[in-house]
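Trainee:
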Amino acid sequence: MSLPRGKFITLEGTEGVGKTTNLTFIQEWLEQKNVPLIVTREPGGTPLAEELREMLLRKRDEPVDASAELLMVFAARAQHLNQVIRPALERGEWVLCDRFTDATYAYQGAGRGLSLEMIETLENLVQEELRPDLTIVLDIDVETGLARASDRAALDRFESEAVEFFHRVRGGYRTRVAQQPDRYRVIDAGQNLKAVQSDVAAVLEQLGL
Ligand code: Z5A
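In terms of our numbering, the sequence shown opens at residue 663 and continues consecutively.
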């Protein structure tokens, strides 16, 4: 008898939105319900994919071609999916992932201006039928998010983009949500942390655990 496949939950949002903070909250909430769970992130999640992440995030003098960036994101994703995500789901475990392909539509699509059809082609090639069951989008106005993130010691290649880039990225997420509202839950991340986590908990309650 095969196990029921675990659920695949992703967390998304623009810069400084509080993903890391809320990921821990979601992990603890699910673990309290005894959900067998792995927590992972993109780009990354395996040694090879983490190397690709480092290459993607590192600031460099050479301009990075947007389609080279896209292919690196999907190379990391192919490795992560086949080594970590699919095996966990097939074992009946749940996967909680910090960013996934919605980030590619938002950053490489809306942000860099790459063709959404090209992204969709790569998505189908790499993921086949696999899509997240639930995506929580933490939404905040770009300036507030950037102010929250500004405490960081050194900005990476993405964090160094101009504010207009992050406006496009936020628009990219909003377009995704409008196109498939059933899969997404959007949370106002501009509230204080207690209110954000109360909204996150309300979304998790809907899972009926
Ligand atoms: N990327 C891509 O281009 N294409 C892809 O397909 C994928 C990714 C998958 C790395 O992502 C980069 O990869 C990302 C896009 C690209 N670049 N950017 N930008 P990442 O997710 O690792 O990096 P990040 O976006 O910088 O996320 P982060 O490090 O997880 O930070 P965060 O989401 O901003 O969360 P935080 O560290 O929890 O919160 C920031 C601060 O705000 C912190 O001091 C908190 O204490 C504070 N905070 C959090 N919530 C609140 C509330 N509610 N009130 C007040 N203060 C708060």
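Ideal Cβ positions, reconstructed from N, Cα and C, are used throughout, including at glycine.
Using a Cβ-based criterion (distance less than 7 Å to any ligand heavy atom), does Y769 qualify as near the ligand Z5A?
Mentor: Residue 769 sits at position 107 when you count from the first residue of the sequence shown. For the ligand Z5A, at least one heavy atom lies less than 7 Å from the Cβ of Y769.
Trainee: Just tell me which of D861, G668, Q853, L855 has its CA closest to the CA of E752.
Mentor: The residue you call residue 752 lines up with position 90 of the sequence shown. If we check each option's Cα against that of E752, G668 comes out closest.
Trainee: What do you reckon, are the CB atoms on L718 and V735 nearer than 8 Å?
Mentor: Indexing the sequence shown from 1 puts residue 718 at position 56. Indexing the sequence shown from 1 puts residue 735 at position 73. Against a cut-off of 8 Å, the Cβ pair of V735 and L718 comes out as a contact.
Trainee: Could you give the C-beta distance for G834 and G775, rounded to a whole number, given that I count them as a contact under 8 Å?
Mentor: Translated into the one-based positions of the sequence shown, residue 834 becomes position 172. Translated into the one-based positions of the sequence shown, residue 775 becomes position 113. The Cβ separation is near 10 Å, so there is no contact.
Trainee: Nearest by alpha-carbon distance to G678: which of S822, T702, Q842 is it?
Mentor: Locating residue 678 in the sequence shown gives position 16, counting from the first residue. Checking every option, the nearest Cα to that of G678 belongs to S822.
Trainee: Quick check: the stretch 792-804 against the stretch 839-846, are there 3 or more CB pairs under 8 Å?
Mentor: With a cut-off of 8 Å, the stretch 839-846 and the stretch 792-804 count as touching, because enough Cβ pairs lie within range.
Trainee: May I ask which residues mark the beginning and end of the beta strand (DSSP E) holding R739?
Mentor: Here the question's residue 739 lines up with position 77 in the sequence shown. Note, R739: premise wrong, no beta strand (DSSP E); alpha helix (DSSP H) at 728-742.
Trainee: Evaluate contact between the stretch 802-810 and the stretch 672-686, counting only Cβ atoms and requiring at least three cross-stretch pairs below 8 Å.
Mentor: Because the criterion of three Cβ pairs below 8 Å is met, the stretch 802-810 and the stretch 672-686 touch.
Trainee: My guess is that L743 and Q689 are in contact by the Cβ rule of under 8 Å, so how many angstroms apart are they, rounded?
Mentor: To locate residue 743, count along the sequence shown from 1; it is residue 81. To locate residue 689, count along the sequence shown from 1; it is residue 27. With 8 Å as the limit, L743 and Q689 do not qualify as a contact, their Cβ atoms being about 20 Å apart.
Trainee: With the cut-off set at 8 Å, would you say V746 and F670 are in Cβ contact?
Mentor: Locating residue 746 in the sequence shown gives position 84, counting from the first residue. Locating residue 670 in the sequence shown gives position 8, counting from the first residue. No, Cβ-Cβ distance for V746 and F670 is not below 8 Å.
Trainee: Using a 10 Å radius around the Cβ and a threshold of 16 neighbouring Cβ atoms, would you call Q868 buried or exposed?
Mentor: Position 206 of the sequence shown, counting from 1, holds the residue named residue 868. Exposed is the call here.
Trainee: Who does R847 pair with in a DSSP beta bridge?
Mentor: As a working note, residue 847 is residue 185 in the sequence shown. Paired residues: I798.
Trainee: Please classify Q741 as buried or exposed, where buried requires at least 16 other C-beta atoms within 10 Å of its C-beta.
Mentor: To locate residue 741, count along the sequence shown from 1; it is residue 79. It counts as buried.
Trainee: Compare the C-alpha of R722 against each of L817, E674, G707 and name the closest.
Mentor: As a working mapping, residue 722 is identified with position 60 in the sequence shown. When only C-alpha atoms are compared, the closest one is L817.
Trainee: How about the stretch 724-734 and the stretch 685-701: do they share at least three Cβ pairs that are nearer than 8 Å?
Mentor: They do not touch, by the three-pair rule.
Trainee: Taking the alpha helix (DSSP H) that V701 belongs to, which residues open and close that run?
Mentor: Taking the sequence shown and counting its residues from 1, one reaches residue 701 at position 39. Element bounds for V701: not the alpha helix (DSSP H) but the beta strand (DSSP E), 699-703.
Trainee: Please report the distance separating the alpha-carbon of D760 from that of N696.
Mentor: As a working note, residue 760 is residue 98 in the sequence shown. As a working note, residue 696 is residue 34 in the sequence shown. Spanning the two alpha carbons is a distance of roughly 20 Å.
Trainee: Just to confirm, is the Cβ distance from T672 to V831 under 8 Å?
Mentor: One-based indexing of the sequence shown puts residue 672 at position 10. One-based indexing of the sequence shown puts residue 831 at position 169. Going by C-beta atoms, T672 is not nearer than 8 Å to V831.
Trainee: Going by DSSP, what residue range makes up the alpha helix (DSSP H) through L784?
Mentor: Counted from its first residue, the sequence shown places residue 784 at position 122. 778-789 is the span of the alpha helix (DSSP H), which, as asked, contains L784.
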